[in-house]
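**Q** Per our numbering, residue 1 is the first one in the sequence shown, and the count goes up by one each step. All residues carry an ideal CB built from backbone N, CA and C; glycine is no exception.
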Amino acid sequence: MLSKVVTVTLNPALDKTVTVPRLEVGGLNRVEQIRFDPGGKGVNVAKVLKKFSIDVIATGFIGSSQGGVIQKSLKDLGITTGFVEVQGATRTNLKIVDNNTKVTTEINEPGFAVLAEDLAKFRDKLSYFLQDASCLVLGGSLPRGVPEDIYQDYITMAGEKNVKTILDADGMALTEGIKARPFAVKPNIHELERLVGRSLATEKDIVAAGQELIHQGIMVVVISMGSKGAIVLDKEEAYYVKPFPITPQSTVGAGDSMVAAMTYAFLKNKPLAEVARWATAAGTVTASKAGTEVCSLTEVERLLNEVQVIRI
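In structure tokens:
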């Protein structure tokens with residue numbers, strides 16, 4: 001039996017999270033804690049969905065160096081993997097957590113290069129994984145050698161198999177991807193501003209930009225705004241979602257947790273207001289955790305009613 005959800009991470013990473021008492025830029029920093037986790041948007045989504053007891057497979061490209069570490073870590077979490085191995089090293093993404101300010105500084109490597117034969121091999125594998133899937137999650141940056149319209153191709157393939165796609169990308173990968181009309185997108189406010197080419201200073205501005213995407217054939221748009229919450233809309237409704245207060249520990253994985261909760265809500269056929277509530281609760285719980293830890297289903301369910309969903 002194939003998985004209900006397929007997550008694609010074309011440029012995965014080994015996330016190295018170091019905690020320092022206070023980040024001294026240009027000075028000596030001594031590390032208090034260190035941890036390694038499999039990372040990348042699709043990988044993080046898969047980790048959350050597994051905690052939500054959703055059958056998921058994580059796929060994409062993986063470098064020969066450190067790729068084994070990532071795959072073993074995912075398998076240890078009970079996540080099925082189906083990566084295509086490529087030449088070169090899987091990147092290491094460094095997350096520096098300042099314990100004083102609770103601010104995380106991220107330093108992301110570019111990753112390996114992908115060849116034409118790798119792309120062909122992965123496309124065949126993805127087509128197989130989508131046979132019995134319900135949702136496809138596409139997210140993150142593109143490694144060298146991957147065309148900028150690659151997500152457009154995968155969204156079209158998924159649509160031909162009646163699989164809903166959730167897209168979480170930036171730049172040209174997002175611009176090209178939305179041309180294939182994914183079911184849902186989750187840009188953050190800065191990604192949306194880059195996409196529409198203008199500043200979005202007010203709630204009305206943000207809703208108008210989201211509606212532009214709806215008019216292009218996207219069914220659900222979730223715009224994340226960090227501690228300010230989110231705006232969620234479809235062609236009939238729009239909501240402002242206010243999160244419950246937390247002491248933020250790390251923003252790493254918060255957006256990916258939102259995507260995972262959106263996917264979960266779609267699978268459960270929840271109405272838009274509940275999609276908004278689940279996504280915001282999941283992202284907020286993850287932001288309250290240190291390093292690269294992500295939310296659990298129990299935590300999200302317990303705090304759902306703390307999220308305010310206001311129709312606009």
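State yes or no: is the C-beta of residue 205 within less than 9 Å of the C-beta of residue 221?
**A** Mapped onto the sequence shown, residue 205 falls at position 205. Mapped onto the sequence shown, residue 221 falls at position 221. No; because the gap between Cβ atoms is not below 9 Å, this pair is not in contact.
**Q** For residue 160, which option in 191, 126, 237 and 207 has the closest C-alpha, if you only look at C-alpha atoms?
**A** The count along the sequence shown starts at 1 and reaches residue 160 at position 160. Ranking 191, 126, 237 and 207 by Cα distance to residue 160 puts 126 first.
**Q** In terms of alpha-carbon separation, which member of 131, 138, 85 and 106 lies closest to residue 117?
**A** The residue given as residue 117 occupies position 117 in the sequence shown. Looking at the Cα atoms, 85 is the closest of the given residues.
**Q** Classify residue 317: buried if its beta carbon has 16 or more other beta carbons within 10 angstroms, exposed otherwise.
**A** A question about residue 317 goes unanswered here, because the residues of the chain that appear run from 1 up to 312.
**Q** Of the choices 251, 245, 219 and 246, whose alpha-carbon is the least far from that of residue 238?
**A** Position 238 of the sequence shown, counted from the first residue, corresponds to residue 238. Considering only alpha carbons, the answer is 219.
**Q** Would you list, in sequence order, the uninterrupted beta strand (DSSP E) runs of no fewer than 3 residues that lie entirely inside the segment 150-177?
**A** For the segment 150-177, whole beta strand (DSSP E) runs of length 3 or above, ordered along the chain, are 164-168.
**Q** With DSSP collapsed to three states, give me the class of residue 55.
**A** Counting from 1 along the sequence shown, the entry for residue 55 is found at position 55. Three-state DSSP puts residue 55 in coil, outside helix and strand.
**Q** Skipping 5 residues on each side, what residues in its chain have a beta carbon closer than 7 Å to that of residue 193?
**A** What you label residue 193 is simply residue 193 of the sequence shown in a count that begins at 1. Within the same chain, residue 193 has close Cβ partners 199 and 200.
**Q** Whole angstroms is fine: what's the gap from residue 133's alpha carbon to residue 196's?
**A** Along the sequence shown, one-based indexing puts residue 133 at 133. Along the sequence shown, one-based indexing puts residue 196 at 196. Those two C-alpha atoms are separated by around 32 Å.
**Q** Hey, residue 14 and residue 90 are a contact pair by Cβ (cut 8 Å); roughly how many whole angstroms apart?
**A** Here residue 14 refers to the residue found at position 14 when the sequence shown is read from its first residue. Here residue 90 refers to the residue found at position 90 when the sequence shown is read from its first residue. Yes, they are in contact, since the Cβ atoms of residue 14 and residue 90 sit about 6 Å apart, within 8 Å.
**Q** Following the continuous alpha helix (DSSP H) through residue 66, name the residue where it begins and the one where it ends.
**A** Within the sequence shown, numbered from 1, the residue matching residue 66 stands at position 66. Unbroken alpha helix (DSSP H) run through residue 66: 64-76.
**Q** Which residue from 33, 28, 162 and 12 puts its Cα closest to that of residue 290?
**A** Reading the sequence shown from its first residue, position 290 is the one you call residue 290. Measuring from the Cα of residue 290, the nearest candidate turns out to be 33.
**Q** Touching or not, the segment 271-281 and the segment 21-31, by the rule of three or more beta carbon pairs under 8 Å?
**A** Cβ pair count under 8 Å is below three, so no.
**Q** Can you tell me which of 3, 209, 20 and 16 puts its alpha carbon nearest to the alpha carbon of residue 36?
**A** Here the question's residue 36 lines up with position 36 in the sequence shown. Closest option to residue 36, Cα to Cα, is 16.
**Q** Counting only the same chain and skipping the five closest in sequence on each side, list residues whose C-beta sits under 8 Å from that of residue 66.
**A** What you label residue 66 is simply residue 66 of the sequence shown in a count that begins at 1. Closer than 8 Å at Cβ, skipping near neighbours: 14, 89, 90 and 92.
**Q** Starting from the Cα of residue 228, find the closest Cα among 266, 216, 253 and 188 and give me that residue.
**A** The residue given as residue 228 occupies position 228 in the sequence shown. That would be 188, whose Cα lies nearest to the Cα of residue 228.
**Q** Specify, as a first and last residue, the run of the beta strand (DSSP E) that residue 36 falls within.
**A** Mapped onto the sequence shown, residue 36 falls at position 36. Here the beta strand (DSSP E) through residue 36 covers 33-39.
**Q** Give me the Cβ distance between residue 56 and residue 50, rounded to the nearest whole Å; I'm assuming they're in contact under 8 Å.
**A** Numbered from 1 along the sequence shown, position 56 holds the residue referred to as residue 56. Numbered from 1 along the sequence shown, position 50 holds the residue referred to as residue 50. Yes, residue 56 and residue 50 are in contact; Cβ-Cβ is about 6 Å, under 8 Å.
**Q** State the Cα-Cα distance for the pair residue 262 and residue 76, rounded to the nearest angstrom.
**A** Locating residue 262 in the sequence shown gives position 262, counting from the first residue. Locating residue 76 in the sequence shown gives position 76, counting from the first residue. Near 25 Å, if we compare the C-alpha coordinates of residue 76 and residue 262.
**Q** Go to residue 98, then tell me how far its beta strand (DSSP E) extends in each direction, as first and last residue.
**A** The residue given as residue 98 occupies position 98 in the sequence shown. It spans 91-98 - the beta strand (DSSP E) in which residue 98 sits, taken as one unbroken run.
**Q** To the nearest angstrom, how far is it from the Cα of residue 248 to the Cα of residue 288?
**A** Residue numbering aside, residue 248 sits at position 248 when the sequence shown is read from its first letter. Residue numbering aside, residue 288 sits at position 288 when the sequence shown is read from its first letter. For residue 248 and residue 288, the distance between alpha carbons rounds to 5 Å.
**Q** Please work out which residues of its chain come closer than 7 Å, Cβ to Cβ, to residue 268, disregarding the five sequence neighbours upstream and downstream, and give them in chain order.
**A** Taking the first residue of the sequence shown as position 1, residue 268 is located at position 268. Result list for residue 268: empty, nothing under 7 Å.
**Q** What residues are listed by DSSP as bridge partners for residue 60?
**A** Along the sequence shown, one-based indexing puts residue 60 at 60. Paired residues: 9 and 83.
**Q** Please look up how many angstroms separate the CB atoms of residue 156 and residue 184, rounded, as I've assumed it's under 8 Å.
**A** Locating residue 156 in the sequence shown gives position 156, where the first residue counts as 1. Locating residue 184 in the sequence shown gives position 184, where the first residue counts as 1. The pair is not a contact, with the Cβ atoms about 16 Å apart (cut-off 8 Å).
**Q** For residue 335, count neighbouring Cβ atoms within 10 angstroms of its own Cβ and tell me buried if that reaches 16, exposed if not.
**A** The structure shown has nothing for residue 335, since the chain only spans 1 to 312.
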